[in-house]
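Chains as they are written, first to last, in the numbering used here: chain A, 75 to 313; chain B, 75 to 313. Just so it is clear, CB atoms sit at the ideal spot from N, CA and C, and this is done for glycine as well. Owing to the predicted nature of the structure, the values given are computational and were not obtained by experimental measurement. Okay, so here's the structure we're looking at.
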DNA sequence: TTAAACAGTTTTATCATATAAATAATACAT
DNA sequence: ATGTATTATTTATATGATAAAACTGTTTAA
């Protein structure tokens, strides 16, 4: 296997190169994915390593591999967007606004409902963590903390306070994309002064046991991010 | 490997038995998961088959496997609930109302937003499919179609009409659990006469380009399902 | 002429075995 | 008592061999 390592084992390295190549569109009908045997040779790894990588990518919905048919790339609709690797490969190789838009639409749905549930549940320990993240955001406004990390911490802490396992787990992939999303929004609109204030409204709704307010404030925040993305998309189409 | 097959290959069969056993709570600190070598012997399969199964379960967040440490079960918070297998194993082995409740909370978030988007997008072909599913539900009320399947088709067609890849993919795991959910709701409340009417309200919102109405009707429907579950949960606690 | 049956070939699936690397537990030396 | 070297266990990787699947083309029968 070629040079780089990054603490991944061989199988993971193979999956990484193959997976990102597939999503990057390297392969197609004219240039099909080579057979396992050829892959071993090309990447200079054993069949075990290649095989396990292929299996892993099949589990992610990227490919199928059947005897006598070889490895086939599945249509994009099969790609598992809730897999952190797939999502990362997509955002790195094909940083389309369309994906960011769809992801933000998901966030509108999830985060608003999570805020509502957090307000209902009233888990004081977890709400305190939201407060801590919010305070970090305030500090960030005067340069005393990282605006990106504190922002992410805030959103994740709300998901956690929802005490819903599905929402909590979505936090993991939201984390992946939030970094791009926040960076993008800040790039477009500039780091506004009102960021902390907007987020505080959500927190207030939660801590004051006002589920609907919390949800509304969250939805508002997300919708404005969505508006920024849509605006950028329209500009793009004008070209 | 023991008798049954079900069209799965060996690796998948091993993953199936091991995965469901783990989630069923067969293993614990007193009874740890055996090493790969022992697994091969117990299940009468080769090392390759066992290894690939272990890798697959690791990818699902159920276990880790490190040299000299063996296979360890990860805390439940790591289990990937967005993996169809994991979700199925959980619902089959531990059919807890709590999970159903959390899942329905996810559906409240997702389906309402999807209905809203579907109304905005106005993809006539996809909206027509919602209409078809709705018609099937009407037929089902007089016993001319399957109430469960038509209900599922309706909800999935809305996700599809949202034209959001994340929502569409959630359809797959929603499908898995919807079957339990609908069955449960119908068992509790009886198959009400108004099912078709309630769903039609959502459809009307979509077809008439009324995003907020569609979302509200969807949320209402979901919330009532949630209420049924919460009621059952309270009864359970009273015991 | 058409379709069904068959054989041949390619490719993955599974098995078996061997060696390397990682690491937990133990023994040892300081 | 503390840090270090050794040992044993377990996964990681490699290799080679056989089995099963399924596409392709050909032959055969209706």
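* Taking 8 Å as the CB-CB cut-off, is residue 313(B) touching chain A? -> Here residue 313(B) refers to the residue found at position 239 of the second chain. False, the Cβ-Cβ gap to chain A never drops below 8 Å.
* Just how far apart, CA to CA, sit residue 192(A) and residue 274(A)? -> Here residue 192(A) refers to the residue found at position 118 when the first chain is read from its first residue. Here residue 274(A) refers to the residue found at position 200 when the first chain is read from its first residue. Approximately 14 Å, taken between the alpha carbons.
* For the 8 Å Cβ check, are there 3 or more pairs between the segment 229-236 of chain A and the segment 164-174 of chain A? -> no
* Between the segment 119-139 of chain A and chain B, which residues of the former have CB atoms less than 7 Å from a CB of the latter, in chain order? -> 126, 129, 130, 133
* Return helix, strand or coil for residue 98(A), following the three-state DSSP convention. => Looking up residue 98(A) in the first chain gives position 24. If DSSP states are grouped into helix, strand and coil, residue 98(A) belongs with coil.
* To do: Taking the CB atoms as reference points, tell me whether residue 88(A) and residue 110(A) lie closer together than 8 Å.
  => Position 14 of the first chain, counting from 1, holds the residue named residue 88(A). Position 36 of the first chain, counting from 1, holds the residue named residue 110(A). No, Cβ-Cβ distance for residue 88(A) and residue 110(A) is not below 8 Å.
* Where DSSP assigns a beta bridge to residue 144(B), which residues make up the other side? -> The residue given as residue 144(B) occupies position 70 in the second chain. Partner(s): 140(B).
* **Residue from 155(A), 187(A), 151(A) whose Cα sits closest to the Cα of residue 181(B)** => Stepping through the second chain from its first residue, residue 181(B) is reached at position 107. Residue 181(B) has its Cα closest to that of 187(A), out of 155(A), 187(A), 151(A).
* Asked: Which two residues bound the contiguous alpha helix (DSSP H) that contains residue 82(A)?
  -> Taking the first chain and counting its residues from 1, the one referred to as residue 82(A) is at position 8. Segment: none, residue 82(A) is in no alpha helix (DSSP H) and carries neither H nor E.
* Asked: What residues of chain B sit near residue 239(A), judged by a beta carbon separation below 7 Å?
  -> One-based indexing of the first chain puts residue 239(A) at position 165. The answer, in chain order, is 155, 176.
* Asked: By the criterion of Cβ-Cβ separation under 7 Å, what are the contact partners of residue 182(A) in chain B?
  -> As a working mapping, residue 182(A) is identified with position 108 in the first chain. Here the neighbours are 187.
* Asked: What residue does the alpha helix (DSSP H) around residue 310(B) start on, and which one ends it?
  -> Your numbering for residue 310(B) matches position 236 in the second chain. 285-312 is the span of the alpha helix (DSSP H), which, as asked, contains residue 310(B).
* Would you identify the three-state DSSP class for residue 163(B), choosing helix, strand or coil? => Residue mapping note: residue 163(B) aligns to position 89 of the second chain, counting from 1. If DSSP states are grouped into helix, strand and coil, residue 163(B) belongs with the helices.
* To do: Specify the secondary structure class of residue 200(A) as computed by DSSP and reduced to three states.
  => Taking the first chain and counting its residues from 1, the one referred to as residue 200(A) is at position 126. Residue state for residue 200(A) is assigned as helix, using DSSP reduced to three classes.
* Asked: Is residue 234(A) helix, strand or coil when you go by DSSP?
  -> As a first step, residue 234(A) is located in the first chain; it is residue number 160 there, counting from the start. Helix at residue 234(A).
* Just the Cα atoms here: how many angstroms apart are residue 278(B) and residue 285(A)? -> On the second chain, position 204 is the one that residue 278(B) refers to. On the first chain, position 211 is the one that residue 285(A) refers to. Computed Cα separation, rounded: 28 Å.
* To do: Following the continuous alpha helix (DSSP H) through residue 104(A), name the residue where it begins and the one where it ends.
  => The count along the first chain starts at 1 and reaches residue 104(A) at position 30. It is not in any alpha helix (DSSP H) - residue 104(A) carries neither H nor E in the DSSP assignment.
* To do: Would you identify the three-state DSSP class for residue 169(A), choosing helix, strand or coil?
  => Sequence index remark: in the first chain, residue 169(A) carries index 95 (1-based). Residue 169(A) falls in the coil class under three-state DSSP.
* To do: Taking residue 156(A) and residue 243(B) to be in contact with their CB atoms under 8 Å, please state how far apart those CB atoms are, rounded to whole angstroms.
  => Your numbering for residue 156(A) matches position 82 in the first chain. Your numbering for residue 243(B) matches position 169 in the second chain. So it is a contact: roughly 7 Å between Cβ atoms.
* Select from 313(A), 222(A), 272(A), 292(A) the residue whose C-alpha is nearest the C-alpha of residue 256(A). => Working through the first chain from its first residue, we reach residue 256(A) at position 182. Proximity to residue 256(A) across 313(A), 222(A), 272(A), 292(A) peaks at 222(A), based on C-alpha coordinates.
* Exposed or buried, what is residue 202(A) when buried is set at 16 or more other beta-carbons lying within 10 Å of its beta-carbon? -> On the first chain, residue 202(A) is found 128 positions in, with the first residue counted as 1. When all chains shown are included, residue 202(A) counts as exposed.
* Using a cut-off of 7 Å between C-beta atoms, extract the partners of residue 191(B) located in chain A. => Mapped onto the second chain, residue 191(B) falls at position 117. Near residue 191(B) (Cβ distances below 7 Å), the residues of chain A are 179.
* Asked: For residue 133(A) versus residue 139(A), is the C-beta distance shorter than 8 Å?
  -> Sequence index remark: in the first chain, residue 133(A) carries index 59 (1-based). Sequence index remark: in the first chain, residue 139(A) carries index 65 (1-based). It is not a contact, given that the beta carbons lie outside the stated cut-off.
* Using a Cβ-Cβ distance under 8 Å, would residue 143(A) count as near chain B? -> Within the first chain, the letter at position 69 stands for residue 143(A). Not one beta carbon of chain B lies nearer than 8 Å to the beta carbon of residue 143(A).
* With DSSP as the reference, label residue 156(A) as helix, strand or coil. => Numbered from 1 along the first chain, position 82 holds the residue referred to as residue 156(A). In the structure shown, residue 156(A) sits in coil (DSSP, three-state: anything other than H, G, I, E or B).
* Asked: Excluding sequence positions up to five away, which residues of its chain have a Cβ less than 7 Å from the Cβ of residue 302(B)?
  -> Taking the first residue of the second chain as position 1, residue 302(B) is located at position 228. 259, 262, 263.
* Leaving out the 5 sequence neighbours to the left and right, which residues in its chain are closer than 8 Å to residue 77(A) when beta-carbon positions are compared? -> Translated into positions along the first chain, residue 77(A) becomes position 3. At residue 77(A), the pLDDT of 49 sits below 50, so the modelled position is not reliable; the number obtained from the coordinates is stated separately. For residue 77(A), where only same-chain residues beyond five positions count, there are no Cβ hits under 8 Å.
* For residue 224(A), which residues from the same chain have a beta carbon less than 7 Å from its beta carbon, with the 5 sequence-adjacent residues on both sides left out? -> As a working mapping, residue 224(A) is identified with position 150 in the first chain. Result list for residue 224(A): 207, 210, 211, 214, in chain order.
* Can a CB atom of chain A be found closer than 8 Å to the CB of residue 213(B)? -> In the second chain, the residue the question calls residue 213(B) occupies position 139. No, residue 213(B) lies away from the interface with chain A (no Cβ there is under 8 Å from its Cβ).
* Asked: Would you say residue 76(A) faces chain B, with C-beta separation under 8 Å as the test?
  -> The count along the first chain starts at 1 and reaches residue 76(A) at position 2. Caution applies to residue 76(A), whose pLDDT of 47 falls short of 50 and renders its modelled position unreliable; the model cannot decide the point.
* **Helix, strand or coil at residue 131(B) [DSSP, three-state]** => The count along the second chain starts at 1 and reaches residue 131(B) at position 57. Here residue 131(B) sits in helix by DSSP.
* To do: Assign residue 104(A) to one of two classes, buried (16 or more other C-beta atoms within 10 Å of its C-beta) or exposed (fewer than that).
  => As a position in the first chain, residue 104(A) is number 30, starting the count at 1. With a threshold of 16 other beta carbon atoms within 10 Å, residue 104(A) falls short and is exposed.
* To do: Please classify residue 225(A): does DSSP put it in a helix, a strand, or coil?
  => Position 151 of the first chain, counted from the start, is the residue given in the question as residue 225(A). Three-state DSSP puts residue 225(A) in a helix.
* Asked: Is DSSP giving residue 119(B) helix, strand or coil here?
  -> Along the second chain, read from residue 1 onward, the residue named residue 119(B) stands at position 45. The answer is coil: DSSP assigns residue 119(B) none of H, G, I, E or B.
* Asked: Counting contacts by CB-CB distance shorter than 8 Å, is residue 243(B) in contact with chain A?
  -> Within the second chain, residue 243(B) is the residue found at index 169, counting from 1. Yes - at least one Cβ of chain A is within 8 Å of the one on residue 243(B).
* Residue interval of the alpha helix (DSSP H) (run including residue 255(B)) -> Indexing the second chain from 1 puts residue 255(B) at position 181. Its alpha helix (DSSP H) spans residues 239-263.
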